[in-house]
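*Asks:*
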Amino acid sequence: MSEAKDLLSISDFYAQKTVFITGATGFLGKVVIEKLLRACPHVKKIYLLARSRRGVSPQQRIDDLLDGMLYDRVRDMGGDWRSKLVPIKGDIAEDKLGMSDEDWRTLQENVEIVFHSAATVRFDEDLKDAMTLNLYGTQNVIGLCRGMKRLEVLVHVSTAYANCDREVIDERIYPPSVDPDKLSSSIGWMNDDMVNSLTPHLIGKRPNTYTFTKSLAEHVLLQEADNIPIAIFRPSIIGAAWKEPLEGWVDNFNGPSGLFVAAGKGMLRSMIGDWNAIADIIPVDYSANMLLAIAWHRVAKSHSSIPVYHLTTGTLNGCTWGNLCIMVSKHFQNYPFEGVFRRPNFAFEQRRLIHYYWCYIGHKIPAFIADMGSFCSGQRPRMNKLYGKLDRATKSLIFFTSRGWEFSMDNYHGLIQDMSPQDRETFNFDVQKLDWNNYFLHFILGLKKFVLKEDMANLPVAQSRIRRLRNIRWSMYFCLFLFSSWLIIKRFPAAQTAWAQCLSGVHKLAMALEPFKLSN
Numbered sequence: 001m002s003e004a005k006d007l008l009s010i011s012d013f014y015a016q017k018t019v020f021i022t023g024a025t026g027f028l029g030k031v032v033i034e035k036l037l038r039a040c041p042h043v044k045k046i047y048l049l050a051r052s053r054r055g056v057s058p059q060q061r062i063d064d065l066l067d068g069m070l071y072d073r074v075r076d077m078g079g080d081w082r083s084k085l086v087p088i089k090g091d092i093a094e095d096k097l098g099m100s101d102e103d104w105r106t107l108q109e110n111v112e113i114v115f116h117s118a119a120t121v122r123f124d125e126d127l128k129d130a131m132t133l134n135l136y137g138t139q140n141v142i143g144l145c146r147g148m149k150r151l152e153v154l155v156h157v158s159t160a161y162a163n164c165d166r167e168v169i170d171e172r173i174y175p176p177s178v179d180p181d182k183l184s185s186s187i188g189w190m191n192d193d194m195v196n197s198l199t200p201h202l203i204g205k206r207p208n209t210y211t212f213t214k215s216l217a218e219h220v221l222l223q224e225a226d227n228i229p230i231a232i233f234r235p236s237i238i239g240a241a242w243k244e245p246l247e248g249w250v251d252n253f254n255g256p257s258g259l260f261v262a263a264g265k266g267m268l269r270s271m272i273g274d275w276n277a278i279a280d281i282i283p284v285d286y287s288a289n290m291l292l293a294i295a296w297h298r299v300a301k302s303h304s305s306i307p308v309y310h311l312t313t314g315t316l317n318g319c320t321w322g323n324l325c326i327m328v329s330k331h332f333q334n335y336p337f338e339g340v341f342r343r344p345n346f347a348f349e350q351r352r353l354i355h356y357y358w359c360y361i362g363h364k365i366p367a368f369i370a371d372m373g374s375f376c377s378g379q380r381p382r383m384n385k386l387y388g389k390l391d392r393a394t395k396s397l398i399f400f401t402s403r404g405w406e407f408s409m410d411n412y413h414g415l416i417q418d419m420s421p422q423d424r425e426t427f428n429f430d431v432q433k434l435d436w437n438n439y440f441l442h443f444i445l446g447l448k449k450f451v452l453k454e455d456m457a458n459l460p461v462a463q464s465r466i467r468r469l470r471n472i473r474w475s476m477y478f479c480l481f482l483f484s485s486w487l488i489i490k491r492f493p494a495a496q497t498a499w500a501q502c503l504s505g506v507h508k509l510a511m512a513l514e515p516f517k518l519s520n
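If you read the sequence shown in full-length UniProt numbering, its first letter stands for residue 1, the second for the next number, and so on.
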């Protein structure tokens with residue numbers, strides 16, 4: 001086996017290479033493209049699979065993407081980098097990826113590296129739709145790769161939770177609970193109601209169709225991709241960028257992003273979760289860097305089977321959900337979102353009865369009061385509807401916030417060891433270097449800037465609203481105390497006597513201290 005010093009650098013590996021990327025317009029895909037252009041400037045061509053969406057052509061979607069601030073650093077480098085990007089009209093859910101025969105032949109004759117990251121990330125996706133995108137889409141990519149004359153590697157982006165029905169997860173492909181071919185033929189003749197009724201029995205201990213179909217896709221790679229050089233990348237929960245290409249960059253409400261926005265807006269007060277479980281969140285720039293490094297490693301090193309690479313933090317630099325909650329709450333105080341519904345005050349709760357109590361007190365009652373106010377003022381009530389969506393979203397995450405897993409990391413360590421010091425810096429994904437407090441600060445600021453489109457110049461206004469809500473809260477508590485005291489005094493004569501004695505004692509104490517006040 002060659003030593004690291006004998007291997008090409010990652011940048012040199014991509015020089016004059018032609019790359020094909022599915023999921024190019026997705027969260028991870030956008031960062032992969034940017035890093036490939038910036039860190040590997042001599043890459044020859046990058047083909048991007050994209051479909052028309054809401055009447056916008058693939059070319060226009062890619063142009064709009066490249067015009068964004070995400071690619072500022074690439075633009076600053078100069079050069080004709082845009083000409084290297086070639087949109088391919090297609091859809092992973094369709095036969096032959098929905099491509100024209102000409103595009104299909106072009107890819108098979110020229111592409112050397114394939115990154116398959118397209119997938120549905122919706123946890124509540126119907127099984128049929130999840131299989132179409134995650135399973136059949138992978139089979140379609142395999143069909144394309146079989147005819148590629150110059151293919152060096154296919155890197156499939158899976159998830160660390162593909163086998164979340166196990167507590168200890170090794171770097172290997174596990175046998176599926178259901179044969180993918182038999183499942184496909186069975187649900188083909190079923191209507192949606194029949195499939196939905198069978199779904200809980202099919203996915204077993206897994207929480208959703210996403211993790212289930214991701215597991216099936218891995219098995220399909222093992223079963224159908226004969227003689228194709230493959231590597232599987234399993235990142236955990238992908239969150240905002242830490243440092244590249246922009247600190248805190250994020251473009252969606254998925255996963256922790258939606259959780260942070262709901263908590264920061266003061267809407268989410270309680271969620272079921274284990275304070276001591278690991279919040280296995282990985283920055284998207286770490287994920288992009290490791291994905292690019294995996295392709296290099298798969299070609300540079302010989303492998304007897306399909307290598308699987310985990311990118312998780314638990315065993316190396318884990319951050320618990322409890323610590324996450326503490327850090328994020330502090331950042332909400334210093335950098336609050338604009339137009340918050342209530343002061344942020346979020347916590348995880350393991351005891352379901354206590355959680356349901358806080359949901360009633362902190363979610364349902366405020367939503368009812370807000371909707372009543374909207375109704376009385378002639379506005380459309382919307383808070384109960386928003387809380388319904390929030391409840392469904394948080395329920396889909398409970399499986400991941402209330403337990404932990406142990407992931408083997410041998411291939412991760414081997415990859416880092418084989419990289420040169422320069423590559424380790426340029427393509428950094430060393431989770432031991434993650435500063436969690438700093439990362440979550442950038443995450444919150446990124447949500448403000450890139451998702452909520454808030455101007456940091458308006459921060460004093462947001463902070464003023466937080467102080468005003470705090471004063472209103474304590475004023476309500478004081479009024480409630482006075483009202484409760486009045487009821488007790490009126491109801492119970494003994495309480496009235498005790499209250500009079502208390503006031504008399506306070507008056508006497510004030511009179512006794514009066515000479516000291518005058519002398520000073």
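Ideal Cβ placement from N, Cα and C applies to all residues, glycine included.
Can you tell me whether DSSP reads Val19 as helix, strand or coil?
*Replies:* To locate residue 19, count along the sequence shown from 1; it is residue 19. Reduced to three states, the DSSP call for Val19 is strand.
*Asks:* Applying the 10 Å Cβ sphere with the 16-neighbour rule, what's the burial state of Arg61?
*Replies:* As a position in the sequence shown, residue 61 is number 61, starting the count at 1. By the 10 Å Cβ count, Arg61 comes out buried.
*Asks:* How far does the beta strand (DSSP E) with Ser215 in it reach, from first residue to last?
*Replies:* Reading the sequence shown from its first residue, position 215 is the one you call residue 215. Looking at the DSSP string, Ser215 is not in any beta strand (DSSP E); the run it does join, the alpha helix (DSSP H), is 209-224.
*Asks:* Rounded to whole angstroms, what is the Cα-Cα separation between Leu22 and Ser197?
*Replies:* Residue 22 sits at position 22 when you count from the first residue of the sequence shown. Residue 197 sits at position 197 when you count from the first residue of the sequence shown. The question names Leu, yet the displayed sequence has Thr at residue 22. Whole-angstrom Cα-Cα distance: 32 Å.
*Asks:* Alpha carbon to alpha carbon, how far is Ala393 from Glu102? Give it in angstroms, no decimals.
*Replies:* Position 102 of the sequence shown holds residue 102. Position 393 of the sequence shown holds residue 393. So the two alpha carbons sit approximately 42 Å from each other.
*Asks:* On the DSSP bridge list, what partners appear for Pro283?
*Replies:* The residue given as residue 283 occupies position 283 in the sequence shown. Bridge partners of Pro283: Gly239.
*Asks:* The beta strand (DSSP E) that contains His116, what's its start and end?
*Replies:* Mapped onto the sequence shown, residue 116 falls at position 116. Element bounds for His116: 113-116.
*Asks:* Suppose contacts are defined by Cβ-Cβ distances below 8 Å. Is residue 546 in contact with Ile294 by that definition?
*Replies:* Residue 546 lies beyond the stretch modelled for the chain, which goes from 1 to 520, so this question has no answer here.
*Asks:* Could you tell me the alpha carbon to alpha carbon distance between Lys214 and Gly264, rounded to whole angstroms?
*Replies:* Numbered from 1 along the sequence shown, position 214 holds the residue referred to as residue 214. Numbered from 1 along the sequence shown, position 264 holds the residue referred to as residue 264. Taking the straight line from one Cα to the other gives about 31 Å.
*Asks:* Which term fits His201, buried or exposed, when burial requires 16 or more other beta carbons within 10 angstroms of its beta carbon?
*Replies:* Looking up residue 201 in the sequence shown gives position 201. With fewer than 16 other Cβ atoms within 10 Å, it is exposed.
*Asks:* For Tyr357, count neighbouring C-beta atoms within 10 Å of its own C-beta (all shown protein chains included) and say buried if the count is 16 or more, exposed if not.
*Replies:* Looking up residue 357 in the sequence shown gives position 357. That one is exposed.
*Asks:* Taking a contact to mean a Cβ-Cβ separation below 8 Å, would you say Phe440 touches Val328 in this structure?
*Replies:* Here residue 440 refers to the residue found at position 440 when the sequence shown is read from its first residue. Here residue 328 refers to the residue found at position 328 when the sequence shown is read from its first residue. Cβ distance < 8 Å, so Phe440 and Val328 count as in contact.
*Asks:* Can you look up Pro87 in the DSSP assignment and give me helix, strand or coil?
*Replies:* Working through the sequence shown from its first residue, we reach residue 87 at position 87. Here Pro87 sits in strand by DSSP.
*Asks:* Throw me the rounded Cβ distance for the Phe348 and Trp275 pair, which I believe falls under 8 Å.
*Replies:* On the sequence shown, position 348 is the one that residue 348 refers to. On the sequence shown, position 275 is the one that residue 275 refers to. With 8 Å as the limit, Phe348 and Trp275 qualify as a contact, their Cβ atoms being about 6 Å apart.
*Asks:* Start and end of the alpha helix (DSSP H) containing Val32?
*Replies:* Residue numbering aside, residue 32 sits at position 32 when the sequence shown is read from its first letter. Unbroken alpha helix (DSSP H) run through Val32: 27-39.
*Asks:* Buried or exposed: which applies to Ala500, given that a residue is buried once 16 or more other Cβ atoms fall within 10 Å of its Cβ?
*Replies:* As a first step, residue 500 must be located in the sequence shown, where it is residue number 500. It counts as exposed.
*Asks:* Starting from Tyr387, trace the beta strand (DSSP E) in both directions and tell me its first and last residue.
*Replies:* In the sequence shown, residue 387 corresponds to position 387, counting from 1. Looking at the DSSP string, Tyr387 is not in any beta strand (DSSP E); the run it does join, the alpha helix (DSSP H), is 383-395.
*Asks:* Straight-line CA distance for Lys128 to Phe478?
*Replies:* Here residue 128 is taken as the residue at index 128 of the sequence shown, counted from 1. Here residue 478 is taken as the residue at index 478 of the sequence shown, counted from 1. Cα to Cα, Lys128 sits roughly 55 Å from Phe478.
*Asks:* Suppose contacts are defined by Cβ-Cβ distances below 8 Å. Is Leu97 in contact with Leu48 by that definition?
*Replies:* Locating residue 97 in the sequence shown gives position 97, counting from the first residue. Locating residue 48 in the sequence shown gives position 48, counting from the first residue. Not in contact: Leu97 and Leu48 (Cβ atoms no closer than 8 Å).
*Asks:* Under the rule that 16 or more other beta-carbon atoms within 10 Å means buried, what is Glu244, buried or exposed?
*Replies:* The count along the sequence shown starts at 1 and reaches residue 244 at position 244. With 16 or more Cβ atoms within 10 Å of its Cβ, Glu244 is classed as buried.
*Asks:* Given that a residue counts as buried once 16 or more other Cβ atoms are within 10 Å of its Cβ, and exposed if not, what is Met69?
*Replies:* Looking up residue 69 in the sequence shown gives position 69. Exposed is the call here.
*Asks:* With distances taken Cα to Cα, identify the nearest neighbour of Leu28 among His42, Thr159, Tyr412.
*Replies:* Position 28 of the sequence shown holds residue 28. For Leu28, the nearest C-alpha among the options comes from Thr159.
*Asks:* Do the region 201-210 and the region 155-172 make contact, defined as three or more Cβ pairs closer than 8 Å?
*Replies:* Yes, the region 201-210 touches the region 155-172.
*Asks:* Please list, in chain order, all residues of the same chain as Tyr14 whose beta carbon is under 6 Å from its beta carbon, the five residues on each side excluded.
*Replies:* Here residue 14 is taken as the residue at index 14 of the sequence shown, counted from 1. Closer than 6 Å at the Cβ level, and outside the excluded window around Tyr14, lie Cys40, Val43.
*Asks:* Considering only their Cβ atoms, is the gap separating Val284 from Ala240 smaller than 8 Å?
*Replies:* For the purposes of this step, residue 240 is taken as the residue at position 240 of the sequence shown. For the purposes of this step, residue 284 is taken as the residue at position 284 of the sequence shown. Cβ distance < 8 Å, so Ala240 and Val284 count as in contact.
*Asks:* What would DSSP say about Met271, mapped onto helix, strand or coil?
*Replies:* In the sequence shown, residue 271 corresponds to position 271, counting from 1. DSSP places Met271 in strand when its eight states are reduced to three.
*Asks:* Using beta-carbon positions only, say whether Met409 and Thr320 come within less than 8 Å of one another.
*Replies:* Here residue 409 refers to the residue found at position 409 of the sequence shown. Here residue 320 refers to the residue found at position 320 of the sequence shown. No, the Cβ-Cβ distance between Met409 and Thr320 is not below 8 Å.
*Asks:* Quick one: Cα of His116 to Cα of Thr138, how far?
*Replies:* In the sequence shown, counting from the first residue as 1, residue 116 sits at position 116. In the sequence shown, counting from the first residue as 1, residue 138 sits at position 138. So the alpha carbons of these two residues sit roughly 8 Å apart.
*Asks:* Give the secondary structure of Ser132 by DSSP, where H, G and I count as helix, E and B as strand, and everything else as coil.
*Replies:* Counting from 1 along the sequence shown, the entry for residue 132 is found at position 132. A small correction: the amino acid at residue 132 is Thr; Ser does not occupy that position in the sequence shown. Note: Thr132 maps to helix in three-state DSSP.
*Asks:* Under 8 Å between the Cβ atoms of Glu112 and Lys35?
*Replies:* In the sequence shown, residue 112 corresponds to position 112, counting from 1. In the sequence shown, residue 35 corresponds to position 35, counting from 1. Cβ distance not < 8 Å, so Glu112 and Lys35 don't count as in contact.
*Asks:* Cβ of His297 within 8 Å of Cβ of Leu154?
*Replies:* For the purposes of this step, residue 297 is taken as residue 297 along the sequence shown, with counting starting at 1. For the purposes of this step, residue 154 is taken as residue 154 along the sequence shown, with counting starting at 1. Against a cut-off of 8 Å, the Cβ pair of Leu154 and His297 comes out as no contact.
*Asks:* Per DSSP, what kind of secondary structure is Arg234 in: helix, strand or coil?
*Replies:* Taking the sequence shown and counting its residues from 1, the one referred to as residue 234 is at position 234. Three-state DSSP puts Arg234 in a strand.
*Asks:* How many angstroms separate the CA atom of Leu268 from the CA atom of Gln350?
*Replies:* Here residue 268 refers to the residue found at position 268 of the sequence shown. Here residue 350 refers to the residue found at position 350 of the sequence shown. Distance between the alpha carbons of Leu268 and Gln350: 16 Å.
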